[in-house]
Amino acid sequence: MIAGPTASLEMEAGELRFLMDVMLATKARLGRAREEHLITPDEYASRLDAAMAIYQRANQALAELEPE
Numbered sequence: 347m348i349a350g351p352t353a354s355l356e357m358e359a360g361e362l363r364f365l366m367d368v369m370l371a372t373k374a375r376l377g378r379a380r381e382e383h384l385i386t387p388d389e390y391a392s393r394l395d396a397a398m399a400i401y402q403r404a405n406q407a408l409a410e411l412e413p414e
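Below, the structure is given as C-alpha cells:
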C-alpha cells in the first residue's frame, strides 16, 4: 500500500480523472437533451461551455500533477 504524499497525489489524480469523466457524460446528456428539445440551443451552449471549462481545468490540473 502506498502512503504519504504519493498516495495523496494519486488520490487527487483519480478524483480529477473522475471529474473529467463526469463532464464528458454531461456533454453527452446535454446533446441528447438538445436533440429531444428538452433545452433550448442557448441553454445547451451555456451548459456545454461550463462543462467543458470544468473539463479543461481538471485536465490542466492533472497535467500539472503528472508531468511527462
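Every letter in the sequence shown is one number past the one before it in our numbering, and letter 65, counting from 1, is 411.
No residue lacks a Cβ here, since even glycine has one placed at the ideal position from N, Cα and C.
Nothing here was measured: the structure is a model prediction, and the numbers come from that model.
Taking a contact to mean a Cβ-Cβ separation below 8 Å, would you say M369 touches Y401 in this structure? Their beta carbons are under 8 Å apart, which means M369 touches Y401 by this criterion.
Here's the rule: buried if 16 or more other CB atoms are within 10 angstroms of the residue's CB, otherwise exposed. What is L355? Under this definition L355 is an exposed residue.
Would you report the Cα separation of M357 and L384, rounded to the nearest angstrom? One Cα belongs to M357, the other to L384, and the distance between them is close to 36 Å.
Inter-residue spacing [alpha-carbon to alpha-carbon] between T386 and Q406: Computed Cα separation, rounded: 30 Å.
Identify which residue in A353, M366 and T352 has its Cα closest to the Cα of L408. From the listed residues A353, M366 and T352, the smallest Cα separation to L408 is found for M366.
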